[in-house]
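Only one structure is covered here, and it is reproduced in the block below.
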Amino acid sequence: MSYGYKISAGVVGSVLVAALAFLMTYTSVAEASEVFRRMMWGLAVAATVVVVAVAVYGLAYLGTARQRAEAQQRLDSGRTGYAPDRLDMRPVKPSKFWYNMALIFVGVLFVGSAAGTGMSLSALLEMPARMWDYTVQMIAGVAQIPDEEARGDWSNAFDAMLESVAIAWIGTIVGALFSLPCGILAARNMTPLAIYLPMRFILSVIRAVPEIVFAVAIFIPLLGVGPAQMGGAMAGAFALGISSIGTLSKLISEAIEGVDPGPLEASRASGATHTQMIRWAVLPQVLPEVLAIWLYRFEVNIRASAILGALGAGGIGRLISPPNGLFGQRPYDWEAIGITLFVIIAITIVVDQISGFVRHRVIHGKTVKQKKRRKDDSDPKVAAVPV
Amino acid sequence: MTAVAERPSAASAVKRPEPPKPPLANYLGLVVIAMAAFAFFWWTREDTSVLFLPLGFITLWAPQWPLIGFLTMLAVLALCWFTRTSPMAAFGALSVVVFSYWAGSNIYFIDRIIDVPSRLTGGNTRDQLIGYFNPDWSYLLFSNVAGTSRPIWGEWLITLCMAVVATIIGCFIGLLLAMLASPVSSFNKATSQTVKAVNSVVRSIPDVGWALLFAAFIGGTAYGLGALAAVLALIMFNIGIVAKLLGESIDAVNPGPLEAADATGANLLQRDRVAVLPAVMPSFVSYSLYVFELNIRASAALGVVGVAGIGGELSRQIGRMSQGYENVGAILWALVLVVLLVDLLSMWIRRKLL
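Which chain is which? The protein sequence lines are Z and W, in order. Its first residue numbered 855, the first sequence is counted upward by one per residue in the numbering used here. Its first residue numbered 17, the second sequence is counted upward by one per residue in the numbering used here.
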């Protein structure tokens, strides 16, 4: 029951970290990179704080030496006086040592990286005033009775957002078409190991590649960049589609692996081929879940299409991002920005609601109506009233 | 045995029971819907503004060949009829076709696909692809950002630092909001509904939008300001995700410990502390790691809007056009590598912790 060695190890370790970080600020690496030097400084400061804190804790621990010795003596001396044995003791608290160490590590990491980013926090002081000012302008833009210019803004925003929805939809369709076969091939209970392993590997590679890589490196050269006529939208759609194959197939294969084995055995026993088994035993079980996964990916893709638009693939990102978009103009046209943001929020939420409704309906069926009917059955008086 | 005796004879067993045909009236209704969609596509087949709302013109882009779309719709309906699909499922299939047709024509699907071979032979597509697949590693390791003495690999460090800071702050705010958003752990129904509504607004603005907004609010994207804007944007992005996902896991928390806490007379805060928080802690850690991965990916793209980190360098190199292909390739390959490493790291941490 002695924590002494842990505390001293903590002190020594953090002194070492602090010293190392301090020394690192004098290396040639730190001279080359401002970021690295600042990170090391942050690390050194944070580690010093930890040293002080742990040292204070250690001093307090040393201060209890007499009491601990007495307690130990009481335990050792047996019958004399009240000596609680193990049955009298409260259950021993599990050690929180590693938990605390992890917290300290996260704190040190936070301080180090906050120093490393080189954020100038003084700008935060002026931010609220500007934010208020701009927000009022944006709300005024949305709430005004639209004149000629505002009508143009609404129309542009709707166009771009509908284009984003179209991009996300085509991306989802592309991903869905590929992901069902890939998902079946990546499910352990459907495929032999020789296909399963390479399929898994390919899928995890696809998942590791961010969609901007697909967009910039492959589909923008192949399909074009810029507005929809120039092919930017198609590039975005295909980048989203290909990169969603990875996640979709993984989720679908997990759904297939969790399938009830009864129908599989039944179909095998009645002499079904592999394809027939998949058609009649697997698909009916997983199809609702697969549909829900696809729809969920559609929601994700709408948000992702914005970031691709900023890179030159079409959609709402192209409308807002510099150099040609709304945020590229000086002074900022806050009314147009407010209108655009409003359209983004409105359409995203509407699509989310619709897709959430369909997902719920597909997974759970007509639960709401059934509940009503049951209520009617239990209360014939209510049922008699035409609703 | 009676069951054997009652079994029908072989002659009648050959005749299989037929699945019931779906009601014809519903299918006729679906045909009417298909005709309405066809009329709409025919009406908008040229690139004109067709829908006048008081807000302004809303251009609904024209499908080029409405008749093909109509025939496709009818074919889908016929297929559904002969496979005895229920009218609701047939309606789903029909709407998928209609929506895909609209979306595909909206983004010039066929035109661009047809165009691919000619792009491959002419233009700079080949140069681009060759450049991207022959990355210039010496640029990534030894060059400085143009016009400064900052090395490129230092930009990677900034990106990682931004992701770490944003993840830690965003996840903790997200945890608080998730607590408020779930009716299980929130003060009352009104609070949870309000927080949910605010959260869905926060979530619906894409991360690029947040970055641009904060860049404007801060008043520029100079060196230190750009990093601040990116961190704030990522924080908002993370709050949205964590509050949504974690709120759902709080909803699904095991009611036993909650009742136990209530029975022992715990107030709301105590109940959240001892019954809710420990139950969702594993998923919180797992979501935080997931969000960290997302942040690395997102911060690469956020640079495009002029904030700090590797993304800024990426967009500068993309802007250099033909001089920058090898450099862009190097950054993209390194991005894949970094994301893979972060994936492995977070998988390792997850396995250690959970």
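We treat Cβ as the ideally placed atom computed from N, Cα and C, and that holds for glycine. This structure is a prediction, so every number in the text was calculated from the model and none was measured.
1) Whose C-beta lies closer than 8 Å to the C-beta of V290 (chain W) among residues of the same chain, with five residues either side of it excluded?
2) Whole angstroms is fine: what's the gap from R1061 (chain Z)'s alpha carbon to A1160 (chain Z)'s?
3) Using the beta-carbon of each residue, which ones in chain Z are nearer than 8 Å to A122 (chain W)?
4) Between Z:P1052, Z:T971, Z:I1191, Z:C1036, which has its C-alpha nearest L1105 (chain Z)'s C-alpha?
5) Looking at chain Z, is there any beta carbon in it that lies within less than 7 Å of the beta carbon of P294 (chain W)?
6) For T1129 (chain Z) and chain W, any beta-carbon pair shorter than 7 Å?
7) I want to see whether chain Z comes within less than 7 Å of C96 (chain W), judged by CB atoms only; does it?
8) In the DSSP assignment, find the unbroken alpha helix (DSSP H) run with M178 (chain W) in it and report its ends.
9) List, from N- to C-terminal side, the alpha helix (DSSP H) runs of 4 residues or more that fit wholly inside the stretch 856 to 881 of chain Z.
10) Inspect the beta-carbon positions of W1148 (chain Z) and A119 (chain W) and report whether they are closer than 7 Å.
11) Any idea if S65 (chain W) is buried or exposed, counting beta-carbon neighbours within 10 angstroms, 16 or more meaning buried?
12) How about M1084 (chain Z) and L1077 (chain Z): are their beta carbons less than 7 Å apart?
13) Would R128 (chain W) pass as an interface residue toward chain Z - the criterion being a Cβ-Cβ separation below 7 Å?
14) Taking Cβ-Cβ distances below 7 Å as the criterion, which residues of the stretch 876 to 894 of chain Z are in contact with chain W?
15) Below 7 Å between beta carbons is the criterion; list the residues of the stretch 1064 to 1081 of chain Z that meet it against any residue of chain W, in chain order.
16) Spell out whether any CB of chain Z is found under 7 Å from the CB atom of C177 (chain W).
17) Along chain Z, in chain order, which residues have C-beta atoms closer than 7 Å to that of P222 (chain W)?
18) Locate the alpha helix (DSSP H) running through E34 (chain W), then write down its first and last residues.
19) Taking the alpha helix (DSSP H) that S1124 (chain Z) falls in, what are its first and last residues?
20) To the nearest angstrom, report how far apart A109 (chain W) and E264 (chain W) are at their CA atoms.
21) Can you pull the DSSP bridge partners for N160 (chain W)?
22) Would you be able to state if there are at least three C-beta pairs under 8 Å between the stretch 1053 to 1070 of chain Z and the stretch 987 to 1006 of chain Z?
23) May I ask you to list, following chain order, the residues of the stretch 1176 to 1188 of chain Z that have a beta carbon less than 8 Å from some beta carbon of chain W?
24) Who are the neighbours of F964 (chain Z) on chain W, taking C-beta pairs under 9 Å?
25) Use the C-beta contact count for G1163 (chain Z): other C-beta atoms within 10 angstroms, 16 or more gives buried, fewer gives exposed.
26) Could you name each continuous alpha helix (DSSP H) segment of 4 residues or more that falls completely within the stretch 1073 to 1125 of chain Z, going from the start of the chain to the end?
27) Can at least three beta-carbon pairs, one atom from the stretch 1000 to 1012 of chain Z and one from the stretch 1188 to 1200 of chain Z, be found at a separation below 8 Å?
28) Beta carbons nearer than 9 Å to chain Z: which residues of the stretch 295 to 321 of chain W have them?
29) Straight-line CA distance for E1111 (chain Z) to R1042 (chain Z)?
30) Counting C-beta neighbours from all protein chains within 10 Å, is the total for E924 (chain Z) 16 or more, i.e. buried, or is it exposed?
31) Grouping DSSP H, G and I as helix and E and B as strand, with all else coil, what is F203 (chain W)?
32) Quick check on the DSSP output: the alpha helix (DSSP H) that includes R928 (chain Z) runs from which residue to which?
33) If the criterion is Cβ atoms closer than 7 Å, does the pair R1213 (chain Z) and A1135 (chain Z) meet it?
34) Could you work out which residue in W:L318, W:A246, W:L136, W:S201 is closest to V292 (chain W) when comparing CA atoms only?
35) Taking all protein chains shown into account, do 16 or more other C-beta atoms lie within 10 angstroms of the C-beta of T99 (chain W), making it buried, or fewer, making it exposed?
36) Please name the residue, chosen from Z:M943, Z:S1018, Z:G896, that lies closest to V965 (chain Z) on a Cα-to-Cα basis.
Looking at the atomic coordinates:
1) P273, A277, A282
2) 19 Å
3) Strictly speaking, residue 122 (chain W) in this sequence is Asn, with Ala absent from that position. Those within 8 Å of N122 (chain W) in chain Z are L1016, E1017, A1020, A1082, A1087.
4) Z:C1036
5) no
6) no
7) no
8) 168 to 197
9) 858 to 878
10) no
11) The predicted model places S65 (chain W) with a pLDDT of 43, which falls under 50 and marks its position as unreliable, so this point remains unresolved.
12) no
13) yes
14) A886, S887, E888, V889, F890, M893
15) P1064, I1066, V1067, V1070, A1071, P1075, L1076, L1077, G1078
16) yes
17) R1157, A1160, I1161
18) That residue, E34 (chain W), is in no alpha helix (DSSP H); it is neither H nor E in DSSP.
19) Here S1124 (chain Z) belongs to no alpha helix (DSSP H), and DSSP marks it neither H nor E.
20) 30 Å
21) W:P167
22) no
23) P1176, F1181, Y1186
24) V180, V181, I184, I185
25) buried
26) 1074 to 1077, 1086 to 1111, 1115 to 1123
27) yes
28) I312, R313, A314, A316, A317, L318, V320, V321
29) 7 Å
30) exposed
31) coil
32) 919 to 930
33) no
34) W:S201
35) exposed
36) Z:G896
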